[in-house]
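A.B. asks: In UniProt numbering, the protein residues as written are 1 to 1100. No residue lacks a Cβ here, since even glycine has one placed at the ideal position from N, Cα and C. Note that the coordinates shown come from a computational prediction; the quantities given were computed from them, not determined experimentally. Before we start, here is the structure in question, set down as structure tokens.
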């Protein structure tokens, strides 16, 4: 490609405008406002000078993973280079033979220049190439007939009978000031002056002239050039030719003073247009306007002086108005002999608002995060200034140019690896110093990064990042010198491949060491297996990655510089403490109110005659597909638990077959696989009462009216009734809700629990968008925390590791642990005890949490029984229920007055109680079909479900290989939202719960055998409920935590960002990563204030 592309040029901007629609057409991009990463990356490859084949290969292999037979990437690359040539010819005239050279702006030729044969300063042939279209001449290009006129005869730049009658000639004649006196213009006296204040007194005072519409023509006729005044008053009575002749005569007859007024008005209009329209280029100015001494700073423009402003006519004020302060922030200076004006005290919004480029602008501006045009309270100053991220903030903010100026002075934290073509931070011109950021050379001219290195100890001798004392090891010099050589460090020419001390050379037979390809093939074979009880060989993951983990976990003697308290010993709290402890610069204290860790992730191992049986009383499986489970997979690898991790394959009948119970028998949920054919699925949907009207609702859904855009949220039941009908909501969706949330779909928030469907309602409908996303392989959008974790893992580990993990943990798999889910809690607890910077406080009763704003620290007080004095921490991360945190913030007896944060936390108090009953039968053939289990919708008649069961899990099928005993294991879940409003005394005990589970199994499955062992446990307030408006409440809570606690109090866990195990682990990993990276302003609720992004954003 002969054309070079550079960033921030018209060619690059034009390419971005055509590349983005092309990516949407090919299905590689969604076309959203935030989905421009791939288009920017393509432009960046062009800037880096990559060839057509290189761009095609990188798109097909690294970014889009296209097959070898797919030619879309090659066709797109060819199209891209054709567009570069086409746009370059269009913008820069690349195909013309004329060589265009950069020339200074030309002045408009005067009338004397035209009459003298065109010897003026600028001729049509001198105009640069890109500006030729503005020259109204008879230029003839290739393929254009010279006889065809290019415009009206009077508008062409040519001599006619020795007289310049063209429009440009007339304008040049009018602007010729070589023989005129200097323009008298009085400025900056009382703000009421006019151009040429020495006007004829016969015209009368300003107030005596009429202000009605009938006098407009008279006023215009006496104050503007004759041609304009006559045209307005007489133009309606003339035809086109008469008006044109009259205009030419009047242009010739106007006085020099009137010409000066007209040209000043043109000049002022050009300035206004350049401010209002981005990219508008002001026309050339006659040199006569630029002669003479430098003019003073301008006051109000002619447009503002002539504007009808009755409120200012009788106002006698010495303060400057908004128009007296120009865009550059300079105030108009008073003329000599006039009193100086007072300092401006503006109480209005800047007219440029978010487009203001003056960092010292004195006027008010709206929040940079709020939509343009938001209201502003000028009497309230936002404490966050130009860095405010609250889109609801209505306080006064400084100019947004302050943030741009600050960023322009700060070195980009991603330099030299920044790939953002629109990055506003500073990118140094000098290369990185080869001595790194710790260079001790005085006045070193090379670039030294100030970004701290995240590895401790750092073993990279060429690391360019900043290190603290003791973080980086000492490296011997690799340069060999003859005068300082030692016997143990011989010259490279004297070294041998095998030393004598190494013993006899070993012959490695071909095939004895598996190659990377063999490992990957083995992984693929394991991936294709339908059953899950696999022993995960550690050799399939990168040994060097595990060595990297050991190096990162090596303890150092450096004193911790951060103290963090983690409240709650559940899965989220333990994960947060584990990742924080890996940063040896952080002292972590974990508080747990009970003597055991893990929350309701509890397991028992029961020994019977034929072997052992594992019972789980909380979650018992994990969704294993990436990227949802990326943080969980990383945690399992770090804890060395792959050997005890099992999975259910996508081809397993236990995973494919799922049922609902309606109204008195099991009904298979329509899904591929599991031995059911397509015709079986259609037959069930036509015959089963549970699917009555289901097909009709699917066909009619795209034609349903979308919700009102003003609706912020609605219940799950309301959404599905509108889009699919009451049958789908009551029979199918309520059953799904029982399996995940144990909740009522009339109370659950659609926006918080099913965000993808909520966003897909706009446009053609949910079904059409779902099919389009599946067929076109468009990426799914993920929340902020998940994207941040993906980015962190891809930065910290090699690409080979990510590829292998992606093959082993493909979407559609379910993971479970050999010893039950509590084995994950036990492994975390063991690892935390190994860290010297971790302290676990059990049986801790926290009575009060306070924020000392003066010392910027959090204070935690325990009850007297804890024998712990008040402790200070830099940050406190709470993973406990929000009601417990609200009580701790208020203190004993309400010592601290309620704040907005404590009120919001106390209001978020809805959770359900669930009874989990585990039963084991000696007979292995009690379950009628190979399946995962069944759920019970709320529409089932009461006589079929008087126990108010939520569902039954066929545990011996779903988690096969976990038990050594032979038999049938079942798990029954009872209660949930059915027990809302019950007192604690009304809830069943263990024996009652077992009896209720037996009754359910006998009625639904016909199981009347007595179980060998049965155990039940009531989980109190186990699953928080995200009711309607949850997203807005969490967004407000984020703002309160930022304002009242300066983001030093953070929250995470099931009460805020997700009730699943993967959600809790992801939240803990994300908040620890943010603290390690220095993003201390995050509160853990960024999922609700940042838009979702596709997984491709994490890759780029």
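Among the candidates 702, 657, 621, 46, whose CA atom is the shortest distance from the CA of residue 929?
C.D. replies: For the residues 702, 657, 621, 46, the minimum Cα distance to residue 929 belongs to 657.
A.B. asks: What is the DSSP secondary structure of residue 507, counted as helix, strand or coil?
C.D. replies: Annotation note: pLDDT 43 at residue 507 (below 50); position unreliable, no value reported.
A.B. asks: So does the stretch 903 to 918 actually touch the stretch 975 to 982, counting three or more Cβ pairs closer than 8 Å?
C.D. replies: Yes, since at least three Cβ pairs between the stretch 903 to 918 and the stretch 975 to 982 fall closer than 8 Å, the two stretches touch.
A.B. asks: Report buried or exposed for residue 1006, applying the criterion of at least 16 other Cβ atoms within 10 angstroms of its Cβ.
C.D. replies: Classification of residue 1006: exposed, given that the 10 Å Cβ count is below 16.
A.B. asks: Between the stretch 746 to 764 and the stretch 955 to 971, can you find at least three pairs of beta-carbon atoms closer than 8 Å?
C.D. replies: No, because fewer than three Cβ pairs between the stretch 955 to 971 and the stretch 746 to 764 fall closer than 8 Å, the two stretches do not touch.
A.B. asks: Around the Cβ of residue 782, are there at least 16 other Cβ atoms within 10 angstroms (buried) or fewer (exposed)?
C.D. replies: Looking at its Cβ environment, which holds 16 or more other Cβ atoms inside 10 Å, residue 782 is buried.
A.B. asks: Three-state secondary structure (DSSP) at residue 263?
C.D. replies: Residue state, collapsed to three classes: helix.
A.B. asks: Do residue 42 and residue 19 have their C-beta atoms closer together than 8 Å?
C.D. replies: Yes. Within cutoff.
A.B. asks: Helix, strand or coil: how does DSSP classify residue 819 here?
C.D. replies: Here residue 819 sits in coil by DSSP.
A.B. asks: On a Cα-Cα basis, can you pick out the residue from 789, 1091, 769 that is closest to residue 1074?
C.D. replies: The shortest C-alpha separation from residue 1074 is found at 789.
A.B. asks: Just mark residue 6 as buried or exposed, buried being the case when its beta carbon has 16 or more other beta carbons within 10 Å.
C.D. replies: Exposed, because fewer than 16 other Cβ atoms sit within 10 Å of the Cβ of residue 6.
A.B. asks: Could you tell me which residues DSSP pairs with residue 920 in its beta bridges?
C.D. replies: 969, 1013.
A.B. asks: Name the DSSP beta bridge partners of residue 646, please?
C.D. replies: In the DSSP output, where bridge partners are listed per residue, residue 646 has 816.
A.B. asks: Can you check the stretch 599 to 670 for any beta strand (DSSP E) of at least 3 residues that lies completely inside it and give the ranges in chain order?
C.D. replies: Complete beta strand (DSSP E) runs here, min 3: 603 to 608, 611 to 616, 645 to 648, 659 to 661, 666 to 668.
A.B. asks: Please state if the CB of residue 809 and the CB of residue 624 are separated by a distance shorter than 8 Å.
C.D. replies: In contact: residue 624 and residue 809 (Cβ atoms closer than 8 Å).
A.B. asks: Which residues mark the beginning and the end of the beta strand (DSSP E) in which residue 791 is found?
C.D. replies: Counting along the chain, residue 791 falls outside any beta strand (DSSP E), though it belongs to the alpha helix (DSSP H) covering 784 to 796.
A.B. asks: Determine the direct distance from the alpha carbon of residue 21 to that of residue 73, and round the result to whole angstroms.
C.D. replies: About 15 Å.
A.B. asks: Would you kindly check if the distance between the Cβ of residue 54 and the Cβ of residue 81 is under 8 Å?
C.D. replies: Not closer than 8 Å, so no.
A.B. asks: Assuming residue 641 and residue 827 are in contact, meaning their beta carbons sit under 8 Å apart, how far apart are those beta carbons, in whole angstroms?
C.D. replies: Sure, about 6 Å apart at Cβ, within 8 Å.
A.B. asks: In three-state DSSP terms, what is residue 801?
C.D. replies: In this structure, residue 801 counts as helix in the three-state DSSP scheme.
A.B. asks: Is it buried or exposed, residue 571, if we count other Cβ atoms within 10 angstroms and call 16 or more buried?
C.D. replies: Result: buried.
A.B. asks: Indicate whether residue 901 and residue 1035 have their beta-carbon atoms separated by less than 8 Å.
C.D. replies: No. Outside cutoff.
A.B. asks: Where does residue 1040 fall in DSSP's three states?
C.D. replies: DSSP places residue 1040 in helix when its eight states are reduced to three.
A.B. asks: Using only alpha-carbon positions, find the residue among 967, 1033, 598 that is nearest to residue 612.
C.D. replies: Among 967, 1033, 598, the Cα nearest to that of residue 612 is on 967.
A.B. asks: What residue from 949, 941, 616, 16 has the CA that sits closest to residue 935's CA?
C.D. replies: The option with the nearest alpha carbon to residue 935 is 949.
A.B. asks: Considering only residues of the same chain and omitting the five flanking positions on each side of residue 714, which have a CB-CB separation below 6 Å?
C.D. replies: Only 750 meet the Cβ criterion.
A.B. asks: Check for me: the alpha helix (DSSP H) holding residue 949 runs from which residue to which?
C.D. replies: Here residue 949 belongs to no alpha helix (DSSP H); instead the beta strand (DSSP E) covers 949 to 953.
A.B. asks: Below 8 Å between beta carbons: does that hold for residue 844 and residue 445?
C.D. replies: Result no, Cβ atoms of residue 844 and residue 445 do not sit closer than 8 Å.
A.B. asks: For the alpha helix (DSSP H) holding residue 401, just list the boundary residues, first then last.
C.D. replies: First-last of the alpha helix (DSSP H) with residue 401: 401 to 409.
A.B. asks: By alpha-carbon positions, which one of 89, 1024, 852, 1088 ends up nearest to residue 880?
C.D. replies: For residue 880, the nearest C-alpha among the options comes from 1024.
A.B. asks: For residue 1031, does the count of other Cβ atoms within 10 angstroms reach 16, so buried, or fall short, so exposed?
C.D. replies: It is buried - the Cβ of residue 1031 has at least 16 other Cβ atoms within 10 Å.
A.B. asks: Using the rule of at least 16 other Cβ atoms within 10 Å of the residue's Cβ for burial, across every protein chain shown, is residue 894 buried or exposed?
C.D. replies: So residue 894 counts as exposed.
A.B. asks: Would DSSP call residue 1082 helix, strand or coil?
C.D. replies: Three-state DSSP puts residue 1082 in coil, outside helix and strand.
A.B. asks: Where do the N-terminal and C-terminal ends of the alpha helix (DSSP H) with residue 1116 fall, by residue?
C.D. replies: Outside the displayed span of the chain (1 to 1100) sits residue 1116, for which this structure offers no information.
A.B. asks: Would you report the Cα separation of residue 412 and residue 615, rounded to the nearest angstrom?
C.D. replies: Distance between the alpha carbons of residue 412 and residue 615: 52 Å.
A.B. asks: From the DSSP output, read off the bridge partner residues of residue 848.
C.D. replies: Answer is 861, bridged to residue 848.
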